[in-house]
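As numbered in the UniProt record's numbering, residues 1 to 535 make up the sequence shown, in order. No residue lacks a Cβ here, since even glycine has one placed at the ideal position from N, Cα and C. The structure appears right after this line, and notes come after that.
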Amino acid sequence: MESVGVAPAPAAVAVAEQKMKLLEPRKEPLASSAAAAAAKAPCKWAMKKKLVGGDAGYVLEDVPHLTDYMPELPTYPNPLQDNPAYSVVKQYFVNTDDTVTQKIVVRKNSARGTHFRRAGPRQRVYFQPDEVNAAIVTCGGLCPGLNTVIRELVCGLYDMYGVTSVVGIEGGYKGFYSRNTVTLTPKSVNDIHKRGGTILGTSRGGHDTAKIVDSLQDRGINQVYIIGGDGTQQGASVIYEEVRRRGLKCAVVGVPKTIDNDIAVIDKSFGFDTAVEEAQRAINAAHVEAESAENGIGVVKLMGRNSGFIAMYATLASRDVDCCLIPESPFYLEGKGGLLEFVEKRLKDSGHMVIVVAEGAGQDLIAQSMNFVDTQDASGNKLLLDVGLWLSQKIKDHFKKKTNFPITLKYIDPTYMIRAVRSNASDNVYCTLLAHSALHGAMAGYSGFTVAPVNGRHAYIPFYRITEKQNKVVITDRMWARVLCSTNQPCFLSHEDVENMKHDDDERHHLHNTQLLDGSPAKCSPNCNGSAGAE
1 MESVGVAPAP
11 AAVAVAEQKM
21 KLLEPRKEPL
31 ASSAAAAAAK
41 APCKWAMKKK
51 LVGGDAGYVL
61 EDVPHLTDYM
71 PELPTYPNPL
81 QDNPAYSVVK
91 QYFVNTDDTV
101 TQKIVVRKNS
111 ARGTHFRRAG
121 PRQRVYFQPD
131 EVNAAIVTCG
141 GLCPGLNTVI
151 RELVCGLYDM
161 YGVTSVVGIE
171 GGYKGFYSRN
181 TVTLTPKSVN
191 DIHKRGGTIL
201 GTSRGGHDTA
211 KIVDSLQDRG
221 INQVYIIGGD
231 GTQQGASVIY
241 EEVRRRGLKC
251 AVVGVPKTID
261 NDIAVIDKSF
271 GFDTAVEEAQ
281 RAINAAHVEA
291 ESAENGIGVV
301 KLMGRNSGFI
311 AMYATLASRD
321 VDCCLIPESP
331 FYLEGKGGLL
341 EFVEKRLKDS
351 GHMVIVVAEG
361 AGQDLIAQSM
371 NFVDTQDASG
381 NKLLLDVGLW
391 LSQKIKDHFK
401 KKTNFPITLK
411 YIDPTYMIRA
421 VRSNASDNVY
431 CTLLAHSALH
441 GAMAGYSGFT
451 VAPVNGRHAY
461 IPFYRITEKQ
471 NKVVITDRMW
481 ARVLCSTNQP
491 CFLSHEDVEN
501 MKHDDDERHH
511 LHNTQLLDGS
521 PAKCSPNCNG
531 SAGAE
């Protein structure tokens, strides 16, 4: 296959990379003022796509490498080949042309489609253990598993690669230029996976590209691991671009974190399993309260600013939920087929009910009823009104007008209890694999990427792919249909609404394929700005 902006594939992907013409030439270092100006310019951080084409519609969306702008870098044998823990492994290293397909369900005549570079250790590395000065930073909100990722990055660098210089950056992005570093060793992080939160602290916003890269340069840091959501990964992309402009030998690696599971492309984000499991306790409590009272109603608000995955999966896991409300599926209160009519009917039929609502659901309805003006937090995220309190009050007001229909309503908001807990066993294993894949990539000289599983295989993904849009529940998909079957709730949508959503999904899919083939840059997300606030 040969398309505009896509290089035709030779016999091996490694050879193709050397022949690609898509890379920018190496640029001279920018002055601090110019760098700051570039960082503030909207969407200037967008990375140039590095694509390799192949037979039958194969496209590799590759990630940057240090040799893209430092071609004379020496390589060294990977220390893992002498590690006794790996002595029983049949194949030490990942093949250079191994890739992971984004789409695994295909038809007989389908194109092979988009692939990503497979994560894992390489036979040759671009850093010697004694030259590595690694830094780890956590940004944005809390999430179960943060401490596990920190621990496994530190222990992996020490135990697998013999690196002995690892520091933590306290307080998020602003910690690079406003605070001292914290030395991290396997001993100091030994038990941190048993705690919630992050030992490094975190914050939103505080991203100043020039100051951050100045700090990396002054401290001699040549590997930086940035753990955070899509806003944080946008910031990491800006940092990579500035590191590249200055010609620094510094690997910039992202580890995606969002408890809402709203990062695109990847299978899921760490902490999500723990959040769904912990949400069961709140739902169970609401169910006990509801069924113990006359016309009892339990309302549980769960996390989900723009995506309702936690609410959806917690509902399916519980089987005690009568109605699940998420941001992707609009609903209305009054009139025939509205939520209040459904609540009344369910109470008459069952005598109690449980409602699970994601925090981002119904925001337009609340804003209309309160004449609320949008405001934002330090990350540029829209500040949400409390849909749980609002919905509870609306239900109470509705039944006050009903004679001989008393209700008992209990509202439970476990948001901060859920995100502050330690990660469960499943997430602990997942965090370990993420951390190891990240450090393997950095040692192999890759940079400007994030690491995560795609269809069950860990891969290196360009920053732009996970920041160009958010992952959302597709309410025209079978998973949401399963929720509706479980709760027996109406969808609150007209046939016209459903058809419009199907049409929008098809248009977005077609637009991405067109951009991929013509090499045009990805469209900027609404949060794309110079501050690149952490999420």
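Quick check on this structure: which residue in the options has the alpha carbon closest to the alpha carbon of residue i?
i: residue 434; options: 210, 415, 60, 270; result: 270
i: residue 226; options: 244, 112, 200; result: 200
i: residue 574; options: 159, 387, 119, 472; result: No answer is possible for residue 574: it lies beyond the span of the chain, which begins at 1 and ends at 535.
i: residue 222; options: 427, 403, 63, 251; result: 251
i: residue 161; options: 488, 469, 84; result: 84
i: residue 460; options: 409, 291, 419, 439; result: 439
i: residue 230; options: 315, 208, 141, 186; result: 141
i: residue 406; options: 295, 337, 341; result: 295
i: residue 338; options: 292, 107, 391, 175; result: 391
i: residue 366; options: 346, 472, 165, 394; result: 394
i: residue 165; options: 150, 480, 185, 347; result: 185
i: residue 65; options: 178, 303, 189, 442; result: 442
i: residue 55; options: 109, 213, 212; result: 109
i: residue 205; options: 174, 400, 424; result: 174
i: residue 61; options: 68, 67, 49; result: 49
i: residue 466; options: 493, 213, 63, 57; result: 63
i: residue 416; options: 368, 346, 303, 437; result: 303
i: residue 336; options: 424, 493, 486; result: 493
i: residue 159; options: 80, 111, 131, 468; result: 80
Looking at residue j and residue i, is the spacing between their C-beta atoms short of 9 Å?
i: residue 414; j: residue 281; result: yes
i: residue 125; j: residue 444; result: yes
i: residue 94; j: residue 120; result: yes
i: residue 144; j: residue 364; result: no
i: residue 297; j: residue 354; result: yes
i: residue 136; j: residue 169; result: yes
i: residue 322; j: residue 489; result: yes
i: residue 308; j: residue 327; result: yes
i: residue 356; j: residue 318; result: yes
i: residue 195; j: residue 133; result: no
i: residue 274; j: residue 422; result: yes
i: residue 325; j: residue 334; result: no
i: residue 291; j: residue 418; result: no
i: residue 452; j: residue 260; result: no
i: residue 540; j: residue 150; result: What the structure shows of the chain is the stretch from 1 to 535, and residue 540 is not part of that stretch, so it cannot be assessed.
i: residue 167; j: residue 182; result: yes
i: residue 127; j: residue 76; result: yes
Keeping to the same chain, check which residues put their C-beta closer than 8 Å to that of residue i; ignore five residues upstream and five downstream.
i: residue 30; result: Annotation note: pLDDT 33 at residue 30 (below 50); position unreliable, coordinate value reported separately. So the list reads 38, 242, 245, 246, once near-sequence residues are dropped.
i: residue 389; result: 411
i: residue 463; result: 47, 233, 234, 236, 237, 240, 254, 448, 449, 450
i: residue 102; result: 113, 114, 115, 116, 265, 454, 455
i: residue 36; result: Note that residue 36 scores a pLDDT of 40, beneath 50, so its modelled location is shaky; the value from the coordinates is reported in the next line. Hits under 8 Å: 208, 209, 210.
i: residue 432; result: 148, 152
Residues in the same chain with beta-carbon distance under 7 Å from residue i, minus the five sequence neighbours each way, listed in chain order, please.
i: residue 429; result: none
i: residue 484; result: 491
i: residue 118; result: 94, 98, 99, 100, 457, 459
i: residue 470; result: 230, 262, 264, 306, 307
i: residue 473; result: 307, 308, 309, 312, 326, 328, 480
i: residue 123; result: 78, 93
Taking 9 Å as the CB-CB limit, is residue i close to chain C?
i: residue 310; result: Any reference to chain C falls outside this structure, which holds one protein chain only.
On the DSSP bridge list, what partners appear for residue i?
i: residue 116; result: 100
i: residue 330; result: DSSP, once it has assigned bridges, lists no residue as partnering residue 330.
i: residue 470; result: 263
i: residue 62; result: 50
i: residue 181; result: 169
i: residue 446; result: 65
i: residue 312; result: DSSP output for residue 312 lists no bridge partner at all.
i: residue 76; result: 125
i: residue 301; result: 357
If I'm right that residue i touches residue j with Cβ under 8 Å, what's the distance once you round it to whole angstroms?
i: residue 157; j: residue 198; result: Contact doesn't hold; Cβ gap of about 18 Å is too wide.
i: residue 276; j: residue 313; result: 5 Å
i: residue 215; j: residue 171; result: So it is not a contact: roughly 13 Å between Cβ atoms.
i: residue 305; j: residue 359; result: 6 Å
i: residue 409; j: residue 396; result: 6 Å
Give me, in chain order, the residues of the same chain whose beta-carbon lies closer than 6 Å to that of residue i; leave out the 5 immediate sequence neighbours on both sides.
i: residue 286; result: 298, 300, 354, 412
i: residue 129; result: 161, 162, 163
i: residue 32; result: Residue placement at residue 32 is poorly supported in this model, since its pLDDT is 36, which falls under 50; the coordinates still yield a value, given next. The answer, listed in chain order, is 210.
i: residue 228; result: 139, 140, 257, 534
i: residue 288; result: none
i: residue 348; result: none
i: residue 315; result: 321, 324, 356, 483
i: residue 293; result: 408
i: residue 398; result: 340
i: residue 217; result: none
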